[in-house]
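S.K.: Sequential numbering of the sequence shown, starting at 1, is according to UniProt numbering. Here a beta-carbon is modelled for each residue, glycine too, at the ideal position from N, C-alpha and C. Here you go, one structure.
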Amino acid sequence: MRVQRKRRPEQVIKVVLLVLLAVIIAVYGTLWVAQRPAHRAQKTAYSLAVSKGKLKTTTAFSQYNGNQSYYAVTGTSSKNVPVYALINTNKKHATTVVKQSAGISREKALRKVWSKRNPSKVIKITLGKYQGNVVWEITYLNQKKNLCYEILQYRNGSQLKSIINI
């Protein structure tokens, strides 16, 4: 007859801690791998903004995906003027640099959408190009939790496109 050994509490604790550590490492690794493309895109955008857009500093990054994709980089020009650089993600990386003072601010674009549509949650706001115009694209959820888009012209804030209840 075989005698069963009782596990000591220390062994159980070690096993539980090892399993917990393995789960933490797996979750962290998965998140790191999932974020890698976004970090690579940001690094590329900053480098292109400096080389093609002649930005001296870069402070923020977002990505616009319309008919064409753009990286939007916030920064300052070599003359310390606050600017946005819009970099086409195609192979030529055509870059458009606009002064921040040449259009409506991010906050003003958000206020326009809030006052007109009263979204329950703004998901994203980014600069891009739509039909040759520099635009603000605001993605939000309406009160019914449906996905919506507003595209406002950067220069004056006029609405170019609105997609509601996707």
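Express the C-alpha separation of W136 and L86 in angstroms, rounding to a whole number.
M.R.: Stepping through the sequence shown from its first residue, residue 86 is reached at position 86. Stepping through the sequence shown from its first residue, residue 136 is reached at position 136. For L86 and W136, the distance between alpha carbons rounds to 12 Å.
S.K.: Output yes or no for whether 8 Å exceeds the beta carbon distance between Q100 and V122.
M.R.: Here the question's residue 100 lines up with position 100 in the sequence shown. Here the question's residue 122 lines up with position 122 in the sequence shown. No, the Cβ-Cβ distance between Q100 and V122 is not below 8 Å.
S.K.: Can you tell me whether K62 is buried or exposed? The criterion is at least 16 other CB atoms within 10 Å of its CB, across all chains shown.
M.R.: Position 62 of the sequence shown, counting from 1, holds the residue named residue 62. A small fix is needed here, since residue 62 is Ser in this sequence, not Lys. Classification of S62: buried, given that the 10 Å Cβ count is 16 or more.
S.K.: Skipping 5 residues on each side, what residues in its chain have a beta carbon closer than 6 Å to that of Q66?
M.R.: Position 66 of the sequence shown, counted from the first residue, corresponds to residue 66. Residue identity differs from the one stated: residue 66 is Gly in this sequence, not Gln. Contacts found: G128 and Y130.
S.K.: Over the uninterrupted alpha helix (DSSP H) stretch that includes A94, give me the two end residues.
M.R.: Your numbering for residue 94 matches position 94 in the sequence shown. Note, A94: premise wrong, no alpha helix (DSSP H); not H, not E.
S.K.: Where does residue 203 sit, in a helix, a strand or coil, going by DSSP?
M.R.: Because the chain spans 1 through 166 in this model, residue 203 falls outside it and cannot be assessed.
S.K.: Taking V73 and Y46 to be in contact with their CB atoms under 8 Å, please state how far apart those CB atoms are, rounded to whole angstroms.
M.R.: Your numbering for residue 73 matches position 73 in the sequence shown. Your numbering for residue 46 matches position 46 in the sequence shown. About 6 Å separates the two Cβ atoms, so the contact holds.
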